[in-house]
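2 protein chains.
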Amino acid sequence: MADRPADVTVDVAVIGAGIVGLGIAWQVCRSGRTVAVIDPAPATGATYAAAGMLAPISELHYEEEDLLELTLASAALYPGFIAELGPATGYRTTSTLTVASDAADRRALDDLRLLQQANGLGVLPLTIRSAREAEPLLSASISAAFSVPNDHQVDPRLLAERLRAALETAGTGMIAQSATEVLHEDPRDAGSPTTGVALSRGGVVRAAEVIVANGLGALHLAGLPVALPLRPVFGDILRLRVPDHLRPLLTCTIRGLVRGLPVYLVPRTDDTVVIGATSREDGRPGVSAGGVHRLLHDAQVLVPAVAELELIEVTARARPGTPDNAPLIGRVAPGLLIATGFFRHGVLLTPIAARICVELLDGAPDPRWKRFHPDRFRAPAPQEVSHA
Amino acid sequence: MADRPADVTVDVAVIGAGIVGLGIAWQVCRSGRTVAVIDPAPATGATYAAAGMLAPISELHYEEEDLLELTLASAALYPGFIAELGPATGYRTTSTLTVASDAADRRALDDLRLLQQANGLGVLPLTIRSAREAEPLLSASISAAFSVPNDHQVDPRLLAERLRAALETAGTGMIAQSATEVLHEDPRDAGSPTTGVALSRGGVVRAAEVIVANGLGALHLAGLPVALPLRPVFGDILRLRVPDHLRPLLTCTIRGLVRGLPVYLVPRTDDTVVIGATSREDGRPGVSAGGVHRLLHDAQVLVPAVAELELIEVTARARPGTPDNAPLIGRVAPGLLIATGFFRHGVLLTPIAARICVELLDGAPDPRWKRFHPDRFRAPAPQEVSHA
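Line by line, the protein sequences are chains A and B.
Residues in the first sequence are numbered consecutively from 1, following full-length UniProt numbering.
Residues in the second sequence are numbered consecutively from 1, following full-length UniProt numbering.
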């Protein structure tokens with residue numbers, strides 16, 4: 001990646017080169033605008049750790065039904081998004097198998113299935129026997145299994161690399177610096193029209209439109225007219241290599257509930273498996289020994305042969321959490337878009353985030369997504385309390 | 001480290017720059033001889049993984065009493081060995097605490113204590129209460145505890161670095177190549193006097209004495225008159241960082257037995273802890289997921305706060321095992337010494353290995369160590385079988 005000398009002038013400056021920033025930059029570039037992407041260390045944050053499940057159905061949680069329309073819309077965009085990029089993204093349309101460990105886990109998954117089916121989602125109960133026919137290394141002692149044919153996967157590291165290559169081919173500048181401030185026509189008014197982005201080594205990217213897509217990094221960016229309600233939610237994640245005699249360990253993604261806690265195993269075509277992910281708000285960016293222990297334990301409960309794999313990587317990263325677990329996406333000032341807070345869903349939501357941003361730039365936003373506007377958590381106007 | 005151009009002529013060529021090879025080279029250097037050390041990647045093998053416990057007493061195993069005299073002799077040499085090198089070796093003379101998890105573990109440790117006491121070794125039973133006064137983060141549910149005041153520790157990575165620095169100061173050449181063959185006066189007779197060592201990039205180190213101290217690498221060395229009965233015994237080992245609020249996690253080394261399996265926790269002065277070590281003969285050089293899981297589990301059984309540490313490194317290495325778990329050390333041809341097969345005891349046995357080699361070079365070997373000669377496993381002459 002070339003480190004462009006400042007100053008640069010482009011139509012749109014995108015801050016952040018994780019999967020979301022890269023995906024947005026690419027679609028903005030395809031819309032005919034010139035783009036610069038600003039990131040001191042592209043694709044090394046949450047993208048580096050992410051497992052890459054494209055799983056709107058099995059990721060449906062209670063009280064997150066609002067998010068479902070967005071995740072389903074993004075999942076529907078994925079085949080076209082990938083087709084434009086070409087191969088080597090690790091995109092796989094194999095189904096997801098959801099399994100329960102003990103009886104309480106089975107009841108929890110049964111309840112979740114009712115919610116999923118009430119939302120018209122395709123979730124098929126399987127007998128343990130047929131689940132084990134599909135995945136012979138699955139433990140004989142699981143208590144329930146469901147197939148989710150439409151929940152797929154991608155390899156976030158490969159996808160980020162493909163997006164970077166596509167941007168480079170398109171002549172998009174990558175600027176390996178930190179963005180420090182969004183600049184405005186009136187320097188004292190962060191609500192005035194945007195003029196560009198100030199860089200950590202002193203240069204400026206001049207742009208009439210700026211898109212803030214740097215995850216938790218947005219908290220350290222000056223010149224925003226809104227306070228972003230982001231918090232770091234840490235996750236530990238493991239990568240393991242399957243030895244010859246166990247290949248393939250799995251053919252589809254396994255998502256399990258083990259004593260109430262989620263664990264997943266995502267098999268890749270290179271005979272590695274990604275196991276994740278804990279969800280910690282303990283403020284500790286390092287890999288948690290307890291977290292690694294729990295993941296290895298729970299993964300072995302579901303697939304005992306995990307014990308025989310080679311542990312090749314342990315990683316922890318922070319994901320940008322929001323109060324309602326949905327992203328912060330929308331226009332907050334003339335020329336200034338926010339696209340952050342993707343939490344567990346950054347990889348899945350990349351195509352829709354890119355589409356929303358292009359629609360906002362075009363001045364033709366889809367009204368359905370207005371509910372994800374970054375200022376939705378502002379305190380409502382005080383109301384009279386009626387005393388009974 | 002300079003990569004000396006071949007050809008080099010020295011008094012003694014030492015093959016292998018793990019802790020044993022470096023220790024031998026240093027003592028040979030101090031004996032007034034010129035030395036060259038040959039290793040393509042110094043201190044990256046078993047030394048890199050080793051925890052560095054200097055624990056002849058708690059490492060005493062049944063049927064390994066023969067080894068005890070050697071390990072005790074080496075432990076006695078350690079203070080002087082370290083004093084010559086100066087600080088920054090991580091040498092600590094804090095005691096070792098041996099603890100049992102369940103009742104069966106307690107019986108096993110009780111039995112081992114009888115063996116240790118029968119050998120005159122200092123092992124003091126502690127009440128659980130006094131063990132936890134000494135180490136407050138020890139689990140309340142351990143079943144027995146013993147203090148071993150004379151079992152100490154060193155940091156093998158720091159010690160190797162100090163030895164390399166000392167050798168460099170003394171002008172000893174480090175040759176960053178592989179040794180391929182021990183050369184002899186009569187090229188067809190590996191029992192004829194040694195003339196030097198052939199190197200992987202074509203050069204030769206000329207030396208009247210060659211010491212083979214490259215662990216399992218000795219199996220790939222041509223020109224040896226004996227077959228070395230070495231096998232790789234893999235071990236997984238973890239390094240963890242203690243967060244501020246838990247410092248110090250431990251003040252002394254904990255060695256535990258958890259459901260019959262050994263686990264140890266070695267605290268370092270830099271607020272890291274080393275947890276090890278599995279013992280695998282599965283032929284797999286990578287880190288074992290099952291091994292890491294077991295270590296994290298068993299360490300938490302003894303010290304629950306381990307769950308709160310940061311996992312900063314997982315490593316696996318092979319140690320050179322022998323049929324009787326004792327080293328192969330002795331002269332096998334004129335000018336040719338073997339010093340390998342140190343298995344679990346390489347760090348502890350470094351000072352005595354160095355002393356034995358210097359005594360052999362001087363022609364004044366201590367007769368006690370003849371029983372560790374590399375040819376001790378040769379089949380005895382056939383005997384008449386008496387039929388009852």
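All residues carry an ideal CB built from backbone N, CA and C; glycine is no exception.
In the three-state DSSP reduction, residue 143 of chain B falls in the coil class, being neither helix nor strand.
Two segments are said to touch when three or more pairs of C-beta atoms, one from each, lie closer than 8 Å; by this definition the segment 239–246 of chain A touches the segment 257–277 of chain A. Chain B places no beta carbon closer than 9 Å to that of residue 115 of chain A, leaving this residue out of the contacts.
Close partners of residue 97 of chain A in chain B (Cβ separation under 8 Å) are lacking, with about 20 Å as the shortest Cβ gap. In this structure, residue 312 of chain A keeps its C-beta atom at 9 Å or more from the C-beta atom of residue 356 of chain A. The C-beta distance from residue 109 of chain B to residue 100 of chain B rounds to 5 Å, short enough to meet the 8 Å contact threshold. For residue 89 of chain A, the secondary structure class from DSSP, reduced to helix, strand or coil, is coil.
None of the residues of the segment 12–28 of chain A has a beta carbon lying less than 9 Å from any beta carbon of chain B. With respect to the C-alpha of residue 320 of chain B, the residue from B:309, B:279, B:122 having the closest C-alpha is B:279.
Inter-residue distance for residue 287 of chain B and residue 233 of chain B is about 13 Å (C-alpha atoms, whole angstroms). When C-alpha distances from residue 159 of chain A are compared across A:305, A:372, A:342, A:51, the shortest belongs to A:51.
When Cβ-Cβ separations below 9 Å define contact, residue 221 of chain B makes no contact with chain A. Per the coordinates, the alpha-carbon of residue 276 of chain A lies some 14 Å from the alpha-carbon of residue 345 of chain A. Fewer than three Cβ pairs drawn from the segment 117–131 of chain A and the segment 187–205 of chain A lie within less than 8 Å of each other, which leaves the two stretches out of contact. It is roughly 22 Å from the alpha-carbon of residue 173 of chain A to the alpha-carbon of residue 184 of chain A. Taken in chain order, the complete beta strand (DSSP E) segments of 3 or more residues contained in the segment 89–162 of chain A are 96–100, 124–126, 144–148. Residue 133 of chain B and residue 126 of chain B have their C-alpha atoms some 11 Å from each other. Here residue 58 of chain A is buried, its C-beta having at least 16 other C-beta atoms within 10 Å.
Taking a C-beta distance under 9 Å as the contact criterion, residue 8 of chain B and residue 204 of chain B qualify as a contact pair.
Among the residues of chain A, those whose CB is under 9 Å from the CB of residue 243 of chain B are 284, 286, following chain order. Per DSSP, the beta bridge partners of residue 236 of chain B are B:316. In the structure shown, the three-state DSSP call for residue 242 of chain A is coil. The alpha-carbon of residue 113 of chain A is positioned some 15 Å away from that of residue 143 of chain A. Any Cβ of chain A closer than 9 Å to the Cβ of residue 61 of chain B would place that residue at the interface, and such an atom is absent. Around residue 281 of chain B, no beta-carbon contact reaches into chain A at under 7 Å, the shortest distance being about 14 Å. With its beta carbon less than 9 Å from one in chain A, residue 314 of chain B belongs to the interface. Annotation for residue 276 of chain B: the continuous beta strand (DSSP E) segment containing it runs 272–276. With a threshold of 9 Å between beta carbons, residue 233 of chain B makes no contact with chain A. Straight-line spacing of the CA atoms in residue 166 of chain A and residue 318 of chain A works out to 27 Å. Taking 9 Å as the cut-off, the Cβ atoms of residue 96 of chain B and residue 352 of chain B do not count as close. Under the 10 Å beta carbon count, residue 209 of chain B is surrounded by 16 or more other beta carbons and is classified as buried. Within the model, the alpha-carbon separation for residue 327 of chain A versus residue 175 of chain B is close to 57 Å.
Counting the other CB atoms within 10 Å of its CB gives residue 245 of chain B a total below 16, which places it among the exposed residues.
The Cβ-Cβ distance between residue 256 of chain B and residue 296 of chain B does not fall below 9 Å.
At least 9 Å separates the beta-carbon of residue 98 of chain A from that of residue 153 of chain A. For the pair residue 306 of chain B and residue 336 of chain A, the Cα-to-Cα distance works out to about 46 Å.
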